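A.B. asks:
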Amino acid sequence: MSRWGRHSSGKVEGGTAKPAFLLWVIGTLVLIGTSDAAAQNYSPQDLLVYKPKQPFVDYETPTAEQLPRCKVEKDARRLILLGPEGQILRQFLDANGDKATKVDQWRYYQHGLEVYREIDTNDNQKPDQFRWLNLGGSRWGIDDNEDGRIDRWKTLSAAEASREAILSMTAGDMASLQLLMVTADDLKALGVSPAVSQKVIESTSDVATKAQAILRKSKVLTPRAKWLRFDAQMPGSIPADDGKASQDLQVYEAAMAVIEVPGGKEPVTALVQIGEMIRVGEVWKLTQVPQPIEGEGVITSSGLLMQPLLTNSTADIQAPSPALQKVIEALQKLDANPPQFGTDKPEKLEEYNRRRADLLYEAYMLAEGAEEKSQLLKQYVDGLAAAVQIDTYPAGLARIKKIEGDIETTSPKSPLLAYITYRRIMSQYAVDMKAAEQGQQQKVQADWLESLSDFVKDYPDAEDVAEAMWQLATAEEFGGNQTAAVNWYQRLAKEKRGSLAANKAEGALRRLNLKGQPFVLTGSGLNGEGINTAAYRGKVLLVVYWASWSNLFISDLPQLRALHQQYKAKGFEVVGVCLDMPGGTRTQQVAAIQNFLKQNNVPWPQIFEPGGLDSPAAVQYGVIALPTMILVDQRGAVESRQATVAELKQLLPTLLK
Numbered sequence: 002m003s004r005w006g007r008h009s010s011g012k013v014e015g016g017t018a019k020p021a022f023l024l025w026v027i028g029t030l031v032l033i034g035t036s037d038a039a040a041q042n043y044s045p046q047d048l049l050v051y052k053p054k055q056p057f058v059d060y061e062t063p064t065a066e067q068l069p070r071c072k073v074e075k076d077a078r079r080l081i082l083l084g085p086e087g088q089i090l091r092q093f094l095d096a097n098g099d100k101a102t103k104v105d106q107w108r109y110y111q112h113g114l115e116v117y118r119e120i121d122t123n124d125n126q127k128p129d130q131f132r133w134l135n136l137g138g139s140r141w142g143i144d145d146n147e148d149g150r151i152d153r154w155k156t157l158s159a160a161e162a163s164r165e166a167i168l169s170m171t172a173g174d175m176a177s178l179q180l181l182m183v184t185a186d187d188l189k190a191l192g193v194s195p196a197v198s199q200k201v202i203e204s205t206s207d208v209a210t211k212a213q214a215i216l217r218k219s220k221v222l223t224p225r226a227k228w229l230r231f232d233a234q235m236p237g238s239i240p241a242d243d244g245k246a247s248q249d250l251q252v253y254e255a256a257m258a259v260i261e262v263p264g265g266k267e268p269v270t271a272l273v274q275i276g277e278m279i280r281v282g283e284v285w286k287l288t289q290v291p292q293p294i295e296g297e298g299v300i301t302s303s304g305l306l307m308q309p310l311l312t313n314s315t316a317d318i319q320a321p322s323p324a325l326q327k328v329i330e331a332l333q334k335l336d337a338n339p340p341q342f343g344t345d346k347p348e349k350l351e352e353y354n355r356r357r358a359d360l361l362y363e364a365y366m367l368a369e370g371a372e373e374k375s376q377l378l379k380q381y382v383d384g385l386a387a388a389v390q391i392d393t394y395p396a397g398l399a400r401i402k403k404i405e406g407d408i409e410t411t412s413p414k415s416p417l418l419a420y421i422t423y424r425r426i427m428s429q430y431a432v433d434m435k436a437a438e439q440g441q442q443q444k445v446q447a448d449w450l451e452s453l454s455d456f457v458k459d460y461p462d463a464e465d466v467a468e469a470m471w472q473l474a475t476a477e478e479f480g481g482n483q484t485a486a487v488n489w490y491q492r493l494a495k496e497k498r499g500s501l502a503a504n505k506a507e508g509a510l511r512r513l514n515l516k517g518q519p520f521v522l523t524g525s526g527l528n529g530e531g532i533n534t535a536a537y538r539g540k541v542l543l544v545v546y547w548a549s550w551s552n553l554f555i556s557d558l559p560q561l562r563a564l565h566q567q568y569k570a571k572g573f574e575v576v577g578v579c580l581d582m583p584g585g586t587r588t589q590q591v592a593a594i595q596n597f598l599k600q601n602n603v604p605w606p607q608i609f610e611p612g613g614l615d616s617p618a619a620v621q622y623g624v625i626a627l628p629t630m631i632l633v634d635q636r637g638a639v640e641s642r643q644a645t646v647a648e649l650k651q652l653l654p655t656l657l658k
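Each residue of the sequence shown is one higher than the one before, starting from 2 at the first, in my numbering.
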């Protein structure tokens, strides 16, 4: 990771040139036992080069004015940086005493107390453990592959788990959020009964999809939100003889996180429901994706673990049958090592998808409860549809049609029928479009739109209707049929109000009517700063929605740079809205974007928030194609809602007279 820690006492400025040897030993501090005499003369500035590799570390750093009063003390095993008042600021040492004269611990201090430590346990000069101590907290993370990201937690308090959850969600870092979730192995180690475990695992499954859906709707869980504190009653113990586990369980019920959100004049606080938490060894883990309490959000009164049983008998907790349990274990084993799309051979991908479908269908047939059967059937159909649409299991379409026919025959009023039908329509379209010869694509699309329209009419209350209407509206807009597109956008916004698709439809209607209207857009910049297009009033502003995967944007970029350089002095500005979705923490996401901007010499500011085309800035105007360029005049009114480079070359000289 490249994010520096936060400094609590200022930032070192200036500094002397480093000795030549130091350029080689950065990250490999040489201690006094070395034969290199130069290595024995570290200055305070030399030690201040080192920064924590993990984000959000509050540690003390002297100001430039204080630096002359700092000094370095050393012995055969350590280097100690003392502050202007004699307090310890840093301590780098050979803790294992292996006489290799190399540092294997990097310690950082606040008010004389150690708050953060990096540990190299295998003497390769790469920290693989990160500990927060004293005022810094108590968490302890392990980086197994030494890439700078924590791969698992060794120690994590409930409060710190809630903080990590908020940080992960506001950064759009789904991998870090997943680390906080209780797993099937955790529950097995705790002796939780199979029936209870199954419900918990369902709650923690598909974390990324659930979290992204929450983030798309939330107005408080944004990159600018700040965790303030953990709010919960005392933890409770669920005794082993309660019938839920073979050992006592420690659980927090209805835990909350209090966050601070930038408001108008003053920040406001908001609540995020962390929910039920369970202790696994020295680590507290979550049993659900955090949910902000806003709008129509409600507080769940109890979790899955701290609920009364109907009787005191464990007979009422139905465990999966031995046959079903065997299938589930086989599925878990298969999913533990899936082939990789784009690298493994097509035959391997097809066999994996076939085998996975076989196991899911077998599990569906063996399941007894209605809810359990429904969930397994959805997983079966979802897996088939995804594989068909990326062309890794073409035979899956026939299996979708088969189960669709079975449900239509046995349960024609079941909501599952609409669920399967929609995925069959989307899969059929993918297959037909791939097989279509030149000149046939238009008919394939027309058939697809007719199928979607029939779906909306036949299943008006189905959960996928909003998405189907969005597909219809955007297809009509792409096809140049604006009247038809507006009709679908209006229906969607009215009939499915509150859904993500409806919000995007409202944004699309706003975008289509932008000509001559005031343009307003706010969002978070790459460094977390607020960006407001109103600040550009008095100048001509081009707002560019883009992503690095857009070939059209890449081809336009050199001309956009040239226009910006040509007219900037006359009052022409550009603001980018990045809709890339890089992985990792927000720091890593920002680093990836900044790397692209640097390589392509892009000088203008960027709005960036998680979600890509579903991010707040994209939803606000229902953006469906990239690049989308909106030209705003000096009064703040839209001159062109879908500007092209050619149009800019015509309009800018006139607007900037």
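Cβ atoms here follow ideal geometry from the backbone N, Cα and C, with glycine treated the same way. On a predicted model such as this, the values are computed, not experimentally measured, just so you know.
(1) DSSP on Thr689, reduced to helix/strand/coil?
(2) Would you mind reading off the limits of the beta strand (DSSP E) that contains Ile631?
(3) Check Ile391 in the structure and name its three-state DSSP category.
(4) Output the distance between the C-alpha atoms of Asn533 and Leu417, rounded to the nearest integer angstrom.
(5) In angstroms, rounded to a whole number, what distance separates the CA positions of Trp550 and Gly529?
(6) Report the option in Val620, Glu372, Asp121, Glu464 whose CA atom is closest to the CA atom of Tyr423.
(7) For the segment 535-548 against the segment 620-636, do three or more pairs of beta-carbon atoms, one drawn from each stretch, fall closer than 8 Å, so that the two count as touching?
(8) According to DSSP, which residues form a beta bridge with Ser641?
(9) Which of helix, strand or coil does DSSP assign to Ala166?
(10) Threshold first: 4 residues or longer. Then list the alpha helix (DSSP H) segments lying entirely within the segment 128-185, N to C.
(11) Which residues in the same chain have their Cβ closer than 7 Å to the Cβ of Phe342, if we skip the five residues on either side of it in sequence?
(12) So, does the segment 160-177 touch the segment 587-603, judging by three or more C-beta pairs under 8 Å?
(13) With DSSP as the reference, identify every bridge partner of Met278, one or two as the case may be.
(14) Over what stretch of residues does the beta strand (DSSP E) that includes Val646 continue unbroken?
(15) In this structure, how does DSSP classify Lys103 when only helix, strand and coil are distinguished?
(16) Using the rule of at least 16 other Cβ atoms within 10 Å of the residue's Cβ for burial, across every protein chain shown, is Ile426 buried or exposed?
(17) Give the secondary structure of Val545 by DSSP, where H, G and I count as helix, E and B as strand, and everything else as coil.
(18) Count the other CB atoms, across all protein chains shown, that sit within 10 Å of the CB of Leu649; report buried if there are 16 or more and exposed otherwise.
(19) Kindly give me the distance between the Cβ atoms of Pro291 and Ile275, rounded to whole angstroms, as I take these residues to be in contact under 8 Å.
(20) With distances taken Cα to Cα, identify the nearest neighbour of Lys127 among Leu134, Asp407, Arg118, Gln333.
(21) Please say whether Val116 and Leu134 have beta carbons closer to each other than 7 Å?
(22) Starting from the C-beta of Gly526, find all residues in its chain whose C-beta is less than 8 Å away, skip the five residues before and the five after it, and write them out in chain order.
(23) CB Leu48 to CB Arg91, shorter than 7 Å?
(24) Is it buried or exposed, Ser412, if we count other Cβ atoms within 10 angstroms and call 16 or more buried?
(25) Looking only at its chain, what residues have a beta carbon closer than 8 Å to the beta carbon of Pro347, apart from the 5 residues adjacent to it on each side?
(26) I need the straight-line Cα distance from Gly623 to Ser556, nearest angstrom please.
(27) Considering only residues of the segment 572-630, which uninterrupted alpha helix (DSSP H) runs meet the minimum length of 4 residues and lie entirely inside it, listed in chain order?
(28) Does DSSP put Gln483 in a helix, a strand or coil?
(29) When we look at the beta-carbon of Ser247 and count the other beta-carbons within 10 Å, is it buried (16 or more) or exposed?
(30) Taking the alpha carbon of Leu385 as the reference point, which residue from Glu363, Ala358, Gly406 has its own alpha carbon closest?
(31) What would DSSP say about Leu418, mapped onto helix, strand or coil?
(32) Thinking C-alpha only, which one of Ile89, Thr344, Ala364 is nearest Tyr109?
(33) Write down the C-beta distance between Leu287 and Ala166 rounded to the nearest angstrom, noting that I regard them as a contact closer than 8 Å.
(34) Taking all protein chains shown into account, decide if Glu254 is buried (16 or more other Cβ within 10 angstroms of its Cβ) or exposed.
C.D. replies: The short version:
(1) The requested residue 689 is not part of the displayed model; the chain covers only 2 to 658.
(2) 629-633
(3) Reduced to three states, the DSSP call for Ile391 is coil.
(4) 45 Å
(5) 24 Å
(6) Glu464
(7) yes
(8) Leu632
(9) helix
(10) If you keep only unbroken alpha helix (DSSP H) runs of at least 4 residues inside the segment 128-185, you get 159-172, 175-180.
(11) Leu350, Ile391, Thr393
(12) With the cut-off at 8 Å, the segment 160-177 and the segment 587-603 touch.
(13) Tyr253, Leu287, per the DSSP bridge assignment.
(14) Per DSSP, Val646 lies in no beta strand (DSSP E); the unbroken alpha helix (DSSP H) holding it starts and ends at 646-656.
(15) strand
(16) buried
(17) strand
(18) buried
(19) 5 Å
(20) Arg118
(21) Against a cut-off of 7 Å, the Cβ pair of Val116 and Leu134 comes out as a contact.
(22) Ile532, Pro606, Gln607, Ile608, Phe609
(23) Yes, the Cβ-Cβ distance between Leu48 and Arg91 is below 7 Å.
(24) exposed
(25) Thr393
(26) 23 Å
(27) 587-600, 617-621
(28) helix
(29) Per the 10 Å Cβ criterion, exposed.
(30) Ala358
(31) helix
(32) Ile89
(33) 6 Å
(34) buried
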